[in-house]
């Protein structure tokens, strides 16, 4: 049993509560008490604002190595993809383990307690499977454990280079021979993880309507349904994807996924940027999650998705740092509101509490952890403490604390991170990894 | 004489140069030498990437007290303005000095060596002048000196509450009785500053077409022309301003300013968000500066200005943190490119070197310091060093250094700041002010 005494804690409202005592047993919160002015002597004091652990619902860990290297010069999403493929071609299970370990540790420093890893870099050069065909996925799972964060590995089905397009050399590393082979490989990985594993879930992903044909989509959707697993897909990130889909199938990507049985409360539409009006209704009516990755969507010139309309239709939003040009879920949260303001010319389309819920409760639930992302008895003991003594955050009144967290703080303000009851970050430092050193080493 | 040895320095290109020795005499750079592998023993080592001092070309210092307090709930620019007015009503020269000193010190920590302070909060309650009618301006100038940064005080003419609208109670504190009174007051302030002052310039500002009528605009423009002073104006920040201007004058704000003789290479159009096509040509043809304040323009739901079109037409861009919800010129720089990507769907409209020039050379020049913002002999000795050992910036190759500075680093990565030859920030700490403490005190 450990007691944490939070100067301020965000418990779901617009403001924050004072003197909140959170008692933790093992990896779970047992009690939460407000207004405890005189905490027990043994309580660990958390100065600042404590929020639930943040959830990074969409990650491609290896993209971290592209930071700062792919922003120069003109181009588009498609020219960026060429640079990304070049990097992908260079990794093996060992080097990917080192890169992902450092990247996930950077996430821990940013207050992230779970990552949804959209994993498609499965095989060796030329598409030759490793001795363990899940060696890359296993490396990612080990990296998350090393970094002290939980992972939902979204094992991604990838079968073709585009609609009616052959796989190129790099894409062969992403692809299984057919959806049956994907099923066998993903099943083997899922069966290797104990059902009660505290830190690992295996979900599924349909890479996109570009990379997976409709019958295969249906197979992946059935696999996820049979296992009650999370199912993610990139949806309408770029207009070109919509155009090609309409040309070949006479449908939007969302319609196609809907017909394949993919939409449900376990489904996450990643990006959901260029949606038809009816798509918004479809995603909402199925109570899907929509994962916005605004810093990536800015970087790749994707556009601004209909975040407010999706929420109004019944969808729930989550957040991802995706390509990791930036790893800062607070920046992602404010960007959802700020980009909506740019697109619509009105403020306050998502309030601070709604944005924090995207970054916490919704993200965890979308990754198969409904019992996380809230500071509440029975939930995972994930506590992320934001310093309120930096030049960015000082002078904060309790009633403004949620707004300061979302609109003014950055990842650099994260001071203390408890994940599943373990202290992973103390005083801004990872407790077991020299993160900048590890990143510097793998990026050399 | 002090020699600084920069591991990497950005000297204007796409990449950075290695082992750059910068020799400083008094407040100026005397020599810059590249590839000095063995620097003199007495040289001060600057690890990381050194760039010229950053220029914050548009600031309202008192808005800093609104951070975190005005982002909640729905509303618009206009409802935000009410909250801003409430704060303005509470300040006097002493309290404004304390607030501005802490705010400018936060700017120093963010690597900013000069601020363009768009100053309109001139008078006491009810519009009664202080004993010294420039007491507020003097307080701002003193605050910048305390913080160790240079200032261009843009003394702002403000005469009416809107086109054909009376001043309200708060606005009376902004307004002079007529443009003659503005001229007398601004002249007294300008005459009190020695022509060779190393740290202070007095410029002029036309608050906006809302607050200044065309004959008065012409007077302010003449004042600035006669003194060779910088002239700034808020231009087309909101569609409502354009609509009212068209209704009453049958012209765009830019046309009106042009007819008043305001446009020139000393003029800065602040925001320049909702421009008519012909306005872009006008601002370009006059080689005006256009100051983008993207984090504020996001926050206030202003929209995305035509940054690329303006540059193509001949205008040069500068950057401002304006309302100070965020003080991070690197974030402003990347936002110009990223918001342009959102608006146009293409990457690489402004490369990293162009964005860094906006943040440095252009900003200084627009504020009347053409001899600053470059690491070059004869220029002000302003050196801002970005750490390349943080989790955000580690692993940077010299050829990517400018891109990393703009697209990945944040104000939290600024380690060392020299302004006019004086060390103002060392190891991330202000050398004379406990900035977070000072901010915490004034924001209480």
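Protein chains in written order, with this note's numbering: chain A, 1191 to 1634; chain B, 1191 to 1634. Ideal Cβ positions, reconstructed from N, Cα and C, are used throughout, including at glycine.
Do we get a CB-CB distance below 8 Å when we pair residue i with the residues of chain A?
i, result
"residue 1431 of chain B", "no"
"residue 1635 of chain B", "Because chain B here runs from 1191 to 1634, residue 1635 of chain B falls outside it and cannot be looked at."
"residue 1358 of chain B", "no"
"residue 1625 of chain B", "yes"
"residue 1529 of chain B", "yes"
"residue 1296 of chain B", "yes"
"residue 1579 of chain B", "yes"
"residue 1236 of chain B", "no"
"residue 1602 of chain B", "yes"
Can you find a C-beta in chain B that's less than 8 Å from the C-beta of residue i?
i, result
"residue 1615 of chain A", "no"
"residue 1605 of chain A", "no"
"residue 1515 of chain A", "yes"
"residue 1427 of chain A", "no"
"residue 1512 of chain A", "no"
"residue 1266 of chain A", "yes"
"residue 1494 of chain A", "yes"
"residue 1207 of chain A", "no"
"residue 1258 of chain A", "yes"
"residue 1446 of chain A", "no"
"residue 1537 of chain A", "yes"
"residue 1489 of chain A", "yes"
"residue 1278 of chain A", "no"
"residue 1634 of chain A", "yes"
Below 8 Å on the Cβ atoms is my contact criterion, and I expect residue i with residue j to pass it. Report the Cβ-Cβ distance as a whole number of Å.
i, j, result
"residue 1399 of chain A", "residue 1435 of chain A", "5 Å"
"residue 1206 of chain A", "residue 1591 of chain A", "4 Å"
"residue 1542 of chain B", "residue 1593 of chain B", "4 Å"
"residue 1625 of chain A", "residue 1330 of chain A", "Wrong, their Cβ atoms sit about 17 Å apart, outside the cutoff."
"residue 1279 of chain A", "residue 1360 of chain A", "5 Å"
"residue 1634 of chain A", "residue 1585 of chain B", "6 Å"
"residue 1545 of chain A", "residue 1526 of chain A", "6 Å"
"residue 1254 of chain A", "residue 1289 of chain A", "7 Å"
"residue 1531 of chain B", "residue 1491 of chain A", "4 Å"
"residue 1540 of chain B", "residue 1493 of chain B", "About 18 Å separates the two Cβ atoms, so there is no contact after all."
"residue 1515 of chain B", "residue 1257 of chain B", "5 Å"
"residue 1472 of chain A", "residue 1453 of chain A", "7 Å"
"residue 1568 of chain B", "residue 1217 of chain B", "Contact flag wrong, Cβ pair sits at about 11 Å."
"residue 1603 of chain A", "residue 1583 of chain A", "6 Å"
"residue 1389 of chain B", "residue 1341 of chain B", "7 Å"
"residue 1363 of chain A", "residue 1311 of chain A", "6 Å"
"residue 1423 of chain A", "residue 1395 of chain A", "6 Å"
Going by the DSSP bridge assignment, what does residue i pair with across the sheet?
i, result
"residue 1576 of chain B", "B/1239 and B/1604"
"residue 1294 of chain B", "According to DSSP, residue 1294 of chain B bridges with nothing at all."
"residue 1210 of chain B", "B/1196"
"residue 1570 of chain A", "A/1218"
"residue 1355 of chain A", "A/1352"
"residue 1268 of chain B", "Its beta-bridge partners do not exist; DSSP assigns none."
"residue 1329 of chain A", "Answer by DSSP bridge pairing: none, since residue 1329 of chain A is not bridged."
"residue 1451 of chain B", "None; residue 1451 of chain B has no bridge partner."
"residue 1458 of chain A", "A/1422 and A/1479"
"residue 1508 of chain A", "A/1481"
"residue 1582 of chain A", "Residue 1582 of chain A pairs with nothing; no bridge assigned."
"residue 1307 of chain B", "B/1249 and B/1343"
Grouping DSSP H, G and I as helix and E and B as strand, with all else coil, what is residue i?
i, result
"residue 1324 of chain B", "coil"
"residue 1318 of chain A", "coil"
"residue 1362 of chain A", "helix"
"residue 1620 of chain A", "strand"
"residue 1596 of chain A", "helix"
"residue 1228 of chain A", "coil"
"residue 1281 of chain B", "coil"
"residue 1536 of chain A", "coil"
"residue 1259 of chain B", "coil"
"residue 1587 of chain B", "coil"
"residue 1612 of chain A", "strand"
"residue 1516 of chain A", "coil"
"residue 1528 of chain B", "helix"
Discussion item. Could you tell me which whole alpha helix (DSSP H) segments of length 4 or greater appear in the stretch 1373-1449 of chain B?
Written reply: 1404-1417, 1429-1439 and 1443-1449
Fill in: chain E contacts made by the stretch 1584-1600 of chain B, where a contact means CB separation under 7 Å
Here the protein chains are A and B, and chain E is not one of them.
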